[in-house]
Amino acid sequence: MAIEMESMAIEMPRVEGHPNRVGFRGVLTLVDEASDKPPAGARGHRVILTRAAAEAALPSLMGKPLTKIRS
């Protein structure tokens, strides 16, 4: 089984004191493989994120705001 990793990144300019500037952490997920467990809202079903769906969605993420999730 070959492992391939790709990423997309942009370099943001430094802006001192900007009220919305915070660090960012992403989530790494596998594509074309069923989830180990059903995620919340999947009604007990495991899910698959297809490579085609992931690649099609990437351009829509550029310039979008991030939401901080509290744990």
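According to my numbering, the stretch in the sequence shown is residues 149 to 219, in order. Even glycine gets a Cβ: it sits at the ideal position worked out from N, Cα and C. Since the model is a prediction, treat every value here as computed from it, not as a measurement.
The beta-bridge partner set that DSSP reports for Ala182 consists of Ile196. Note that the C-beta distance between Ile196 and Asp180 is below 8 Å.
Between Val175 and Arg169 a beta carbon distance of about 21 Å is seen, past the 8 Å cut, so the two are scored as non-contacting. Leu178 is the residue among Met160, Pro161, Leu178 and Gly165 whose C-alpha sits nearest the C-alpha of Ala150.
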